[in-house]
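Residue numbering for the sequence shown follows our numbering, beginning at 375 and increasing consecutively. One structure is given below, encoded as structure tokens.
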Amino acid sequence: MMPLGRLTLLTVVAMIAFASNSLLCRVALRDTNIDAAGFTAVRLISGALMLWFILSMQGRRRDNAGSWPSALALFSYAALFSFAYIDLAAGTGALILFGAVQATMIGYGLYSGERFSALKWAGLLLAIAGLVGLVLPGLTAPPLVASLLMAGAGIAWGVYSLRGRGAGDPSLATAGNFIRAVPMAVALAAMGWISGSLNLDLYGMFWATASGALASALGYLIWYAVLPHISAANAATIQLSAPVIAAIAGVLLLGEAVTLRLLLASAAILGGIALVIQQRAR
């Protein structure tokens, strides 16, 4: 059993890494000249290289780990995520992403025959109401197209997570999926180059590499090291902290505004999902 102090530290680091993806993407697309396709390509390529390097240093063979459908889900998440953050604030994007991920996984549970108690239904409806309230038209509403793109990214990540269940060693599977996603990322960048929109700004590439190699690759490896030592319900609950961290960091580091709509939507989405998770655990 992992010592509690180390377990706590690794958990905190993993959540900061997950939240950092939103911050790194937002700052790159807002403050540098890199475009969304270029950011996606650099992020996935650097993540694949980091995972390959670490597993090689450990003497672990990837062989045929991962799958092409999972790689497609991973690429779809990364691409939609990048294009959404052209117009979304870091905290808002992280909240929509997380809500869509959890809605996808909860929806799959319902489709698979999982029974919901009255409290679980109440939690699900509260979370859905929070998402709808967040994107309803109004002065403080986030851009609708960007919100839909981020919701699509969340659905893709939910599919990726569901496909990862029972896929064997998650570190090897993640490395295999990242490597398979590289040709897709290169194709996206090539389309940008052909259309004249591709821009691989140096500072933007730095942030994209940090997102891929550190926040994504290392973040996933750390999280997978933690997961065997905590329950599934606790793991899902802990992940509620990621959009909160992203929102707080967005305000403190990027100067993003806090609106009443965002606060109320956050409370509804995160509170509703937490209720579903806790009822599942019971």
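By construction, the Cβ of each residue, glycine as well, lies at the ideal position given by its N, Cα and C atoms. Keep in mind it's a predicted model, so treat the numbers as computed, not measured.
Ordered along the chain, which non-local residues of its own chain (more than five positions away) have a Cβ less than 8 Å from that of A648?
G497, T611, L614
Assign S394 to one of three DSSP states: helix, strand, or coil.
S394 falls in the helix class under three-state DSSP.
May I have the straight-line CA-CA distance separating A582 from A547, to the nearest angstrom?
22 Å
Near S396, what residues of its chain come up, given a Cβ to Cβ distance below 6 Å and the 5 sequence neighbours on each side ignored?
A464, G467, A468, A620
Could you say which of L484, L592, Y577, P516 lies nearest to V723 if we only look at CA atoms?
Lying before the first or after the last residue shown, residue 723 is absent from the chain, which here runs from 375 to 656.
Report the rounded CA-to-CA distance for Y577 versus S486, giving the unit in angstroms.
45 Å
Quick one: any contact between the segment 582–591 and the segment 416–428, if contact means 3 or more CB pairs under 8 Å?
yes
Check this for me: beta carbons of I408 and L574, under 8 Å apart or not?
yes
Nearest by alpha-carbon distance to V401: which of A439, A458, L429 is it?
Restricting attention to A439, A458, L429, the CA atom closest to the CA of V401 is found in A458.
Measure the alpha-carbon distance for F449 versus M558 and round it to whole angstroms.
7 Å
Please report the distance separating the alpha-carbon of L499 from that of V416.
When the Cα atoms are used, L499 and V416 turn out to be separated by approximately 38 Å.
Please report the distance separating the alpha-carbon of G379 from that of L572.
45 Å
Within the same chain, show all residues whose beta-carbon is closer than 7 Å to that of L562, passing over the 5 residues directly before and after it, in chain order.
A411, T414, A415, A453
Return helix, strand or coil for F552, following the three-state DSSP convention.
helix
Considering D423, what are the terminal residues of the alpha helix (DSSP H) in which it resides?
It is Leu, not Asp, that sits at residue 423 in the sequence shown. Here the alpha helix (DSSP H) through L423 covers 410–431.
Among L636, R434, W426, which has the Cα closest to the Cα of V556?
Taking the Cα of V556 as reference, the smallest distance to any Cα among L636, R434, W426 is reached at W426.
Where are the beta strand (DSSP E) runs, 3 residues long or more, that stay fully inside the segment 557–605, in chain order?
none
Which of helix, strand or coil does DSSP assign to D405?
Three-state result, D405: helix.
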